DNA sequence: GGACCATACCTCGTCATCGAGGTATAGCGG
DNA sequence: CCGCTATACCTCGATGACGAGGTATGGTCC
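Protein chains in written order, with the working numbering: chain D, 1 to 178; chain L, 1 to 178.
This is the structure:
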């Protein structure tokens, strides 16, 4: 997820580590802050995988800044990841939102964007609950526990909003009668 | 999060590992499945911390089943964790839902339950976005990118539903005029 | 009687993440 | 000129999650 976010941000413009840190803090920080000890090793991994290069600019600031640039392999890796996200990217909301944040980078490929949205649509379409009576998912109305009822109500509201948005956006991506 | 969920399920009734696995699969599995390699070591950790004990029942099934019972220390740890969840439990939706799933275990302490809900209320009350124009959070209407707009719309719908539920539930927990 | 699946448990190596700590410089207020 | 904060980067040890693999038995289907 971190890897995806780093590649996604760098696709827009080269950044140095500190700027990246602040972009990441805005994107996911209020929910799950990332620490230096996570970010810098991740940058190193991407660098040694040849997905980005760093250019040292001395002078400007306190420590020598390393401006990070995506390589062609890095761009390819980003686009590939966006085209074929793995199942966790689809089901886990945090990861899914990271995909959404950068899905625009598949600009020239509306069909690929639509395919990703369809996968999320299929996932949301499956009947699912947090609690089961045998095989049958238990609905909010059947639950006495007010906290568990809350979970189900909130999840339902989210799913509804997302389905509406997914349908609208898919219509826009796939124009014409279907 | 796994620790919390295990303790929470065992508070209801003793279970063996396999049953636990299926309960966990229902609770968080559609979003983020937990593997054996995560579950069994987690059980061992809890056991060596004295939070649960296992009683071997031979015979019933294929492998000797270890029925897991919560100890008093385990119950205390669960209730304590529910009373004072850490910040990530409040902000990360996956973790927050796990707290909600078991908050009922603080049955006799409506004030403690209300205090936890208030923390979530405060978190949701902070103005937050995924994207910032300098310091100012950017609203859904200002975003051109349809995917990023979707993120903001979905997040807003979720927040709204959750705020409504939080207020209702807090009113029920704290009766009388305020 | 053989294939296969569900039940039930476990280990191991690998990897990502985290928090705590460290090292600098620049700039500002007092 | 001292302390503080922001900028900017890095390391290290511990933890925990993961997937792949292994070991059984019991039941069902054909």
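Using N, Cα and C, we set each Cβ at its ideal position, and we do this for glycine too.
Everything numeric in this text was worked out from a predicted model, so none of it was measured.
Exposed unless 16 or more other CB atoms sit within 10 angstroms - verdict on residue 122 of chain D: exposed
Three-state secondary structure assigned by DSSP to residue 143 of chain L: coil
Short CB-CB distance (under 8 Å) between residue 154 of chain L and chain D: Yes, residue 154 of chain L lies at the interface with chain D (some Cβ there is under 8 Å from its Cβ).
Short CB-CB distance (under 8 Å) between residue 132 of chain D and chain L: yes
Interface partners of residue 147 of chain D on chain L, CB under 9 Å: 99, 100, 101, 102, 103, 104, 113, 117 and 169
Members of the segment 10 to 40 of chain D near chain L, C-beta cut-off 7 Å: 26, 27, 30, 31 and 32
Nearest neighbour of residue 104 of chain D, chosen from D/42, D/78, D/93 and D/57 [CA to CA]: Selected option, being the one with the closest Cα: D/78.
Chain D within 8 Å of residue 67 of chain L, Cβ atoms only: no
Stretch pair the segment 96 to 110 of chain D + the segment 137 to 148 of chain L: three plus CB contacts closer than 8 Å: yes
Residue 113 of chain L versus residue 125 of chain L: straight-line alpha-carbon distance, rounded: Between residue 113 of chain L and residue 125 of chain L, the C-alpha separation is close to 18 Å.
Members of the segment 85 to 97 of chain L that neighbour chain D once the beta carbon cut-off is set at 7 Å: Cβ proximity to chain D below 7 Å picks out 88, 91, 92, 93 and 97 from the segment 85 to 97 of chain L.
Expected contact under 8 Å - CB spacing of residue 71 of chain D and residue 88 of chain D to nearest Å: Contact doesn't hold; Cβ gap of about 26 Å is too wide.
Backbone CA spacing between residue 165 of chain D and residue 150 of chain L [nearest angstrom]: The straight-line gap from Cα to Cα measures roughly 6 Å.
Cα-Cα separation, residue 154 of chain L to residue 141 of chain D: 23 Å
Burial state of residue 162 of chain L (16 or more Cβ within 10 Å): buried
Short CB-CB distance (under 8 Å) between residue 141 of chain L and chain D: Under the Cβ criterion of 8 Å, residue 141 of chain L is not counted among the residues facing chain D.
Residue 56 of chain L - partner residues in DSSP beta bridges: L/66
Residue closest to residue 128 of chain D, alpha-carbon to alpha-carbon, out of L/21, L/27, L/37 and L/19: L/27
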